[in-house]
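These notes concern the structure reproduced below.
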DNA sequence: GCAATACTGTTTCAGATGAAACGGATGTCA
DNA sequence: TGACATCCGTTTCATCTGAAACAGTATTGC
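Chains as they are written, first to last, in this note's numbering: chain A, 1 to 167; chain B, 1001 to 1167.
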């Protein structure tokens, strides 16, 4: 084969969205999120932000909204709204922090705990059904690659911000 | 180690959102999308839906909105709006289909083509910067895994619809 | 002490989203 | 034909989203 300059090569290779990794990633994540959103909604009437809050409360018991923000990759507005909904649904209750009146501590109600104990196995079952198409080694590799990519994206984004919006 | 029933095992293993693959996938895809959205917006004033439409028009020249829907994994409302914006920005023009008056065919204006020719290398460059954290074999593997997962999610979702909403 | 600053969580507001309804055009089948 | 189903792309409407402003509380530095 003849050698080409990389510019000529770029000319020669048409750009195909369906082979563009960021696009593939977005499409796959959206499909997966939609699957979970529908199942959670149908079974428990929960949205994904609500479920994520439940997952953190279930793991750590008395948590503040800020702790949920740190552990869910959701912004504080989204968490605030999800928690408000969970309070209204009677799945979560709120108590003031004894030392710092800015914080309020969240915990399950009895009803909330019952639902949590049902939804965790459901979540694991859907994940298992989904990841059946991968072998165990592939799952580990995927997880590792995703976290490297996420970290890289965060780094590139911050770097761009530093350059793009100086001071 | 003592053997446990899988139920007891499930009991014993706390549920951690950060090790839940669907969550990892969602977080990574969102970070990546945000990176691209910011760069495209800053450099060309384009949103991701607009860029996706441009990518399809650039590849296939005269396309209908429906063709864009099929090739971008976006719904027709989103495509309709993105195309309207591209028309307003003067990057795309619309001509009637000679045989079927329901369709209109989209193509670049000169300005649109100029921007397309700049944005494709930018997209490739960002992708390259991002995927630096993976080896070539890993990129291929990731792409293959993502498409299997997306297909599986689609299948499970349809299956659930069939069961959940009979008739 | 007491500004000034920083933090928590809510509200506001303007924009994005998608299901459903829609108007217009084409296809189908009797 | 002509009635009915189907398709294309837009609009509507109710909801979701997050940046920014906010009120209330805590911390810092003088």
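We put the CB at the ideal spot given by N, CA and C, even for glycine.
Query	Result
Range covered by the alpha helix (DSSP H) that runs through residue 105/A	That residue, residue 105/A, is in no alpha helix (DSSP H); its beta strand (DSSP E) goes 104-108.
Three-state secondary structure assigned by DSSP to residue 38/A	helix
Cβ of residue 1015/B within 7 Å of any chain A Cβ	yes
Beta-carbon neighbours of residue 1055/B, restricted to chain A and to distances below 7 Å	15, 17
Stretch pair the segment 1129-1138 of chain B + the segment 1072-1081 of chain B: three plus CB contacts closer than 8 Å	no
For residue 1063/B, the three-state DSSP class (helix, strand or coil)	strand
Exposed unless 16 or more other CB atoms sit within 10 angstroms - verdict on residue 1058/B	buried
Rounded straight-line distance, which links the Cα of residue 1130/B to that of residue 114/A	42 Å
Interface flag, residue 1153/B vs chain A, CB-CB below 7 Å	yes
Rounded C-alpha distance that separates residue 1085/B from residue 1069/B	16 Å
Members of the segment 129-149 of chain A that neighbour chain B once the beta carbon cut-off is set at 8 Å	129, 130, 131, 132, 133, 134, 138, 139, 141, 142, 143, 145, 146, 147, 148, 149
Residues sharing a beta bridge with residue 96/A, DSSP	104/A
Proximity winner among 111/A, 49/A, 142/A, relative to residue 71/A (alpha-carbon distances)	49/A
Simplified DSSP state of residue 1133/B, which is helix, strand or coil	coil
DSSP state of residue 91/A mapped onto helix, strand, coil	coil
Beta-carbon proximity list for residue 101/A, same chain, < 8 Å, skipping 5 on both sides	none
Residue 1025/B classed as buried or exposed, judged by whether at least 16 other C-beta atoms fall within 10 angstroms	buried
Contacting positions in the segment 86-118 of chain A - beta carbon closer than 8 Å to chain B	none
Cβ separation of residue 1041/B and residue 1047/B, assumed to be a contact under 8 Å, to the nearest whole Å	7 Å
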